[in-house]
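Engineer:
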Ligand SMILES: NC(=O)c1ccc[n+]([C@@H]2O[C@H](COP(=O)([O-])OP(=O)(O)OC[C@H]3O[C@@H](n4cnc5c(N)ncnc54)[C@H](OP(=O)(O)O)[C@@H]3O)[C@@H](O)[C@H]2O)c1
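Numbering (our numbering), first residue to last: 3 to 297.
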């Protein structure tokens, strides 16, 4: 079953044809793979069948018809329920689970796939459905590297930037969560800044044009911060935590004056003030990771 992975004759099943599953199946059909599709609500398969996919009336029928079984449903519990339903039909197949959930859920789904005699990878899709199939679409995979290597051609159809990140099936979702965690932090900061500028009567678009070099420089700090965190070495000659407090106080004063919400900058000020009280004023901002590491 696992031979000939790089051929367009590799048979693929897609279980789950919601917004994302439909995009995954369409990309594979368009790339010339033989694709069998199944969805709990059957009529969601109609457009894909018209495009060239084969319809299965039951998930075990779809899995039985394919070497590679892609699962993309809502929630890890639904994904595991599907694996239990497909059961013996999975023997010798490769299960690629692209369902979001926790790292423990990805591992549990992987164990279930192994119990049924299937290879397993968990993939964390880092894009929205319209970008599926593009060379720039990022998907993190974790689980067996061998399974990744044998199925790389199929995986690259889904997203050109398919990357194997760890043999532990739980790591792909952790990487995805980390990106989202950073995204929400940046977005909240941006929106608070937008509220501040708006309250001062300044168009936010003018600001983003002018401040572009400062804004795009922010992510370039991450590798330096990551190095400090990994080495647990935080001493820095420039830009230490003690310099952040006056700037945060200025932001709070301005926010109060403009009548905008102060919860977000207050939380940041509290973090910095606590670190200064603990004697970390000459350390880099990365020192605050210790605060986040406590529950
Ligand atoms: N959409 C995105 O942009 C995006 C991006 C990255 C990752 N993802 C992930 O991709 C997965 C699917 O998302 P989606 O956006 O396609 O969701 P969706 O449009 O809401 O579709 C959900 C799919 O899950 C199926 N489903 C739900 N419960 C089920 C169950 N108990 N048994 C069998 N099938 C079940 C649904 O079947 P019915 O049609 O019968 O309801 C449908 O096919 C999620 O894990 C999501 O987090 C989505």
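Backbone N, C-alpha and C define an ideal beta-carbon position, used for all residues, glycine too.
Given that a residue counts as buried once 16 or more other Cβ atoms are within 10 Å of its Cβ, and exposed if not, what is residue 6?
Structural biologist: Within the chain shown, residue 6 is the residue found at index 4, counting from 1. At residue 6, the pLDDT of 42 sits below 50, so the modelled position is not reliable; the number obtained from the coordinates is stated separately. So residue 6 ends up on the exposed side.
Engineer: Would residue 109 be called buried (16 or more neighbouring beta carbons within 10 Å of its own) or exposed?
Structural biologist: Working through the chain shown from its first residue, we reach residue 109 at position 107. Buried, since its Cβ has 16 or more Cβ neighbours within 10 Å.
Engineer: Grab the span of the alpha helix (DSSP H) containing residue 147 for me, first residue to last.
Structural biologist: Here residue 147 corresponds to residue number 145 of the chain shown, with the count starting at 1. Counting along the chain, the unbroken alpha helix (DSSP H) around residue 147 starts and ends at 147-152.
Engineer: Hey, is residue 22 close to ligand 1, as in C-beta under 7 Å from one of its heavy atoms?
Structural biologist: Taking the first residue of the chain shown as 1, we reach residue 22 at position 20. Result yes, Cβ under 7 Å from ligand 1.
Engineer: For residue 231, report the span of its alpha helix (DSSP H) as first-last.
Structural biologist: Start at 1 with the first residue of the chain shown, and residue 231 comes out as number 229. Looking at the DSSP string, the run of the alpha helix (DSSP H) that includes residue 231 is 224-233.
Engineer: Looking only at its own chain, which residues have a Cβ that is under 6 Å from the Cβ of residue 209, when we skip the five neighbours before and after it?
Structural biologist: For this step, residue 209 is matched to residue 207 along the chain shown. Contacts found: 199.
Engineer: Would you call the segment 51-59 in contact with the segment 74-82, where contact means no fewer than 3 C-beta pairs closer than 8 Å?
Structural biologist: no
Engineer: What are the start and end residues of the beta strand (DSSP E) that includes residue 163?
Structural biologist: Residue numbering aside, residue 163 sits at position 161 when the chain shown is read from its first letter. 163-168 is the extent of the beta strand (DSSP E) around residue 163.
Engineer: Can you tell which of 257, 13, 151 has the C-alpha that lies nearest to the C-alpha of residue 168?
Structural biologist: Within the chain shown, the letter at position 166 stands for residue 168. Closest by alpha carbon: 151.
Engineer: Would the C-beta of residue 190 count as close to ligand 1, meaning under 7 Å from any of its heavy atoms?
Structural biologist: Taking the first residue of the chain shown as 1, we reach residue 190 at position 188. Residue side-chain check: residue 190 keeps its Cβ at 7 Å or more from all non-hydrogen atoms of ligand 1.
Engineer: Determine, using beta carbons only, whether residue 39 comes closer than 8 Å to chain C.
Structural biologist: Note that chain C does not occur in the displayed structure, where there is just one protein chain.
Engineer: Could you give the first and the last residue of the continuous alpha helix (DSSP H) run that contains residue 15?
Structural biologist: Taking the chain shown and counting its residues from 1, one reaches residue 15 at position 13. Note, residue 15: premise wrong, no alpha helix (DSSP H); beta strand (DSSP E) at 14-17.
Engineer: If you draw a straight line from the alpha carbon of residue 189 to that of residue 16, how long is it in whole angstroms?
Structural biologist: Taking the first residue of the chain shown as position 1, residue 189 is located at position 187. Taking the first residue of the chain shown as position 1, residue 16 is located at position 14. So the two alpha carbons sit approximately 34 Å from each other.
Engineer: May I ask you to verify whether the segment 263-280 touches the segment 208-225, counting CB pairs closer than 8 Å and requiring at least 3?
Structural biologist: no
Engineer: Going along the chain, which residues of its own chain have a beta-carbon closer than 6 Å to the beta-carbon of residue 233, five neighbours each way excluded?
Structural biologist: Mapped onto the chain shown, residue 233 falls at position 231. For residue 233, where only same-chain residues beyond five positions count, there are no Cβ hits under 6 Å.
Engineer: Given the structure, does residue 102 come close to ligand 1, in the sense that its CB is under 7 Å from one of the ligand's heavy atoms?
Structural biologist: As a first step, residue 102 is located in the chain shown; it is residue number 100 there, counting from the start. True, at least one ligand heavy atom lies under 7 Å from that Cβ.
Engineer: Got a sec, what are the start and stop residues for the alpha helix (DSSP H) residue 184 sits in?
Structural biologist: On the chain shown, position 182 is the one that residue 184 refers to. That run of the alpha helix (DSSP H) goes 173-201.
Engineer: Shorter than 7 Å, the distance from the beta carbon of residue 75 to the closest heavy atom of ligand 1, or not?
Structural biologist: Looking up residue 75 in the chain shown gives position 73. True, at least one ligand heavy atom lies under 7 Å from that Cβ.
Engineer: Going along the chain, which residues of its own chain have a beta-carbon closer than 8 Å to the beta-carbon of residue 191, five neighbours each way excluded?
Structural biologist: Here the question's residue 191 lines up with position 189 in the chain shown. Correct list, in chain order: 266.
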